[in-house]
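Comments concern the structure below.
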Amino acid sequence: MTSSLSNTELSTKVDQAAEAGEQFSKLYYETTDKKRHLLQKLYLDSATVVWNGNAVKGLEEIIKFYDTIPTSEHNLDSLDCQPLTDQISGGQMTICVKTLGTVKYDKAKPKIFHQNFILTSVNNHGLINFCTKSRRILSFSLSLGELRSFHQMYVAS
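0 is the number of the first residue of the sequence shown in numbering that gives the first Met the number 0; add one for each residue after it.
Printed below as a string of structure tokens:
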């Protein structure tokens, strides 16, 4: 399949994907590890989380579920962010973000984890789906403005 993007356009998309993926992964893991009470800002009311084959439906239940998980400390060893082609994404800016690292729950030994995220824009809202090695699938929606706003609130709290 031939790309209709010039080298400059492709380079711009790659740079945008890298920046968005870095910002998202930093925000997501810092929130998960240090400010779980803010996770509710990341999920739609209708979101579903599947963790090791067990589905948790709805924002309220997801937040209750996260309350049962021991505190975590994620360390990223690898982050790869790539724009998906317009042929795949229907012309919407869509980014594949892959992370690899270790996660430590409470005082347990660190375990290797990996997550794959798909970030895309639908009606000016970012839609994020991701899956981990433990088969955890999450969906939530943020506009870019909401993401910036959440980040500012996170930094201030």
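Yeah, the Cβ is synthetic: ideal placement off N, Cα and C, and Gly gets one too.
Mind checking residue i: buried by the 16 CB within 10 Å criterion, or exposed?
i	result
R134	Residue confidence for R134 is low, a pLDDT of 37 falling below 50, so the modelled location carries little weight; the figure read from the coordinates is stated next. R134 is exposed by the Cβ-count criterion.
P82	buried
L10	Reading the sequence as shown, one finds Ser at residue 10 and not Leu. It is exposed - the Cβ of S10 has fewer than 16 other Cβ atoms within 10 Å.
F129	With a pLDDT of only 48 at F129, under 50, the local geometry of the prediction cannot be trusted, and no value is derived from it.
G90	exposed
Y104	exposed
A16	buried
S24	buried
A19	buried
T31	buried
What residues are listed by DSSP as bridge partners for residue i?
i	result
S71	Y104
L4	According to DSSP, which records beta bridges pairwise, L4 is partnered with nothing at all.
Taking residue i as the reference, give the member of the options with the closest Cα.
i	options	result
E29	D14, S5 and V102	V102
K63	D14, V96, T84 and T47	T47
M92	Y65, K12, E18 and T7	K12
L41	Y27, D32 and K33	Y27
T98	T67, H73 and W50	H73
F112	C95, S5, S71 and E21	S71
K34	S45, C95 and P69	P69
Y65	V96, L75 and W50	W50
Would you report the Cα separation of residue i and residue j, rounded to the nearest angstrom?
i	j	result
D85	A107	43 Å
D14	H36	31 Å
T100	S77	Checking the sequence, you will find Gly at residue 100 rather than Thr. Whole-angstrom Cα-Cα distance: 7 Å.
A54	Q114	18 Å
T7	L118	22 Å
L38	S5	39 Å
E59	T67	13 Å
P109	D44	32 Å
L75	K56	28 Å
Q22	I61	23 Å
**Report entry** Segments assigned beta strand (DSSP E), at least 3 residues, entirely inside the region 22-60
**Finding:** 47-50 and 53-56
Requested in this report: Could I get the ranges of all uninterrupted alpha helix (DSSP H) runs contained in the region 79-112, with 4 residues as the minimum, in chain order?
Outcome: 85-88
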